[in-house]
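The numbers in the sequence shown follow our numbering, run straight up by one, and end at 672.
No residue lacks a Cβ here, since even glycine has one placed at the ideal position from N, Cα and C.
Worksheet: the structure to be examined is printed underneath.
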Amino acid sequence: MFTFGIASTGGGTVVGFDPLALLLMALALEAYIGEARWVFRFVPHPVVLIGRLIGWLDNKLNREHRPETDRAIRGAFAVLIVVIVTGGVGWVIAWMTRYHHLGWIIEFAGLIALLAGRGLYDAVRRVMTALDAEGLEGGRREVAHIVGRDPLQLDEHGVARAALESLAENFSDAVVGPVFWYVLFGFPGILVYKAVNTLDSMIGHKTPKYRAFGLVAARLDDVLNLIPARLTGLFLIIAAAFTPGASPWGAFKAMLRDAGKHRSPNAGWPEGALAGALGLALAGPRRYHAEIVEDAWMGDGRARVTTKDMRRALYLYVVASLINGVWLAALVVVRYQI
């Protein structure tokens, strides 16, 4: 963890912002303005640049005529290249923050771009609003932006469940995970984490093309999310104590009982906590285009999720996000006390 403080000079060395304070400010600003999409009309988003690198490596290295073992090795090499490049870029940006008076601006902008808490909230809220205003067709249209399953196979309750499952799982990927890895390793940590997330989303599929090539990417993403996913579940449990009508005990019980039943080693923790907190049943059997996935249910409540449940889930999410910020603020205070 970095240990430098607020901008000052000494012995000719310029010292920049404390990175934890910078992260706390970025969390607050991103929660207010979102990811500032208008900026990325003029400059590429960091994840877009990472995606272009991954796409180039995929085109160069992933040939269907090659043996599975060869493709797995090439996939591991692609992951290594992406991690080295993003880690190196992150180190340069962190160095500029530490040793240049204005270097923090680049890191601050990068943090806002890489955090996606407000964007996740807005995406789920759009599904809820569309269901209320336009019915099933509107809900299907909006939920298609945030889930991989076939929205045409979903009824109104299925659309609402899919949105809440995305809210729970992506709370870890979009907020808790980035904060966790930044606290440990600074900007290189958050950039590598987001790069591995992007690798998993692009090549970490169990399809003939990517089953071998994306194996390492998928496994590395699982490893990097082991702690953040469980922290996310914990934050949702605590948040349930401050959410009207929610049950922290129900969240705790459902998470411990059902998380291990999920096909993902990580997604079941926040999904189970959210389902248990609100008395719902999430996940379960569902269709991804031509494939039916026979997943276990998270929670033992109602599967007929409504927009009222979505409002409660968004409230719970906001409270849990505040808790995520509180533990970061506590770290900042502790740092300044030492």
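**OP:** Classify R371 as buried or exposed, calling it buried when 16 or more other Cβ atoms lie within 10 Å of its own Cβ.
**Re:** Taking the sequence shown and counting its residues from 1, the one referred to as residue 371 is at position 37. So R371 counts as exposed.
**OP:** Count the other C-beta atoms from every protein chain shown that fall within 10 angstroms of the C-beta of T577, then say buried if there are 16 or more, exposed otherwise.
**Re:** Translated into positions along the sequence shown, residue 577 becomes position 243. With 16 or more Cβ atoms within 10 Å of its Cβ, T577 is classed as buried.
**OP:** Just the C-alpha distance for V667 and N658, rounded to the nearest angstrom, thanks.
**Re:** For the purposes of this step, residue 667 is taken as the residue at position 333 of the sequence shown. For the purposes of this step, residue 658 is taken as the residue at position 324 of the sequence shown. Their Cα atoms are separated by approximately 15 Å.
Original post:
With respect to the alpha helix (DSSP H) encompassing G421, which residues constitute its N-terminal and C-terminal limits?
Top reply: Taking the first residue of the sequence shown as position 1, residue 421 is located at position 87. Note, G421: alpha helix (DSSP H), E402 to Y433.
Original post:
Where DSSP assigns a beta bridge to A617, which residues make up the other side?
Top reply: The residue you call residue 617 lines up with position 283 of the sequence shown. For A617, which the question treats as bridged, DSSP gives the partners W631.
Subject >> For R673, three-class secondary structure by DSSP >> reply: The structure shown does not extend to residue 673, since the chain is modelled only from 335 to 672, so the question has no answer here.
Original post:
Would you say the beta carbon of F505 comes nearer than 6 Å to a heavy atom of the ligand ATP?
Top reply: For the ligand ATP, the structure offers nothing, since it holds no ligand at all.
Original post:
Just to confirm, are A585 and A574 a CB contact at a threshold of 7 Å?
Top reply: The sequence position of residue 585 within the sequence shown is 251, counting from 1. The sequence position of residue 574 within the sequence shown is 240, counting from 1. Yes, the Cβ-Cβ distance between A585 and A574 is below 7 Å.
Original post:
Where does E441 land, buried or exposed, given buried means 16+ other C-beta within 10 angstroms?
Top reply: Within the sequence shown, numbered from 1, the residue matching residue 441 stands at position 107. E441 is buried by the Cβ-count criterion.
Original post:
Which stretch, first to last residue, makes up the alpha helix (DSSP H) that contains T532?
Top reply: As a first step, residue 532 must be located in the sequence shown, where it is residue number 198. Looking at the DSSP string, the run of the alpha helix (DSSP H) that includes T532 is G511 to I537.
Subject >> Through-space distance from A496 to V660, alpha-carbon basis >> reply: Taking the sequence shown and counting its residues from 1, one reaches residue 660 at position 326. Taking the sequence shown and counting its residues from 1, one reaches residue 496 at position 162. Rounded to the nearest whole angstrom, the C-alpha separation of V660 and A496 is 29 Å.
**OP:** Would you decide whether Q671 is buried or exposed? Buried here means 16 or more other CB atoms lie within 10 Å of its CB.
**Re:** Locating residue 671 in the sequence shown gives position 337, counting from the first residue. Its Cβ having fewer than 16 others within 10 Å, Q671 is exposed.
Subject >> Proximity of A365 and L445 at Cβ, strictly below 7 Å >> reply: Locating residue 365 in the sequence shown gives position 31, where the first residue counts as 1. Locating residue 445 in the sequence shown gives position 111, where the first residue counts as 1. The answer is no: Cβ separation not under 7 Å.
Subject >> Distance between G389 and F336 (C-alpha atoms, nearest Å) >> reply: Taking the first residue of the sequence shown as 1, we reach residue 336 at position 2. Taking the first residue of the sequence shown as 1, we reach residue 389 at position 55. With a pLDDT of only 40 at F336, under 50, the local geometry of the prediction cannot be trusted, and the value read off the model is given with reservation. Cα to Cα, the separation comes out at about 33 Å.
Original post:
Near V413, what residues of its chain come up, given a Cβ to Cβ distance below 7 Å and the 5 sequence neighbours on each side ignored?
Top reply: Sequence index remark: in the sequence shown, residue 413 carries index 79 (1-based). Result list for V413: L533, V550, A551 and L554, in chain order.
Subject >> Coarse secondary structure for R483, derived from DSSP in three states >> reply: Here residue 483 is taken as the residue at index 149 of the sequence shown, counted from 1. R483 falls in the coil class under three-state DSSP.
Original post:
To which residues does DSSP link R636 through a beta bridge?
Top reply: Position 302 of the sequence shown, counted from the start, is the residue given in the question as residue 636. Beta-bridge pairing links R636 to L614.
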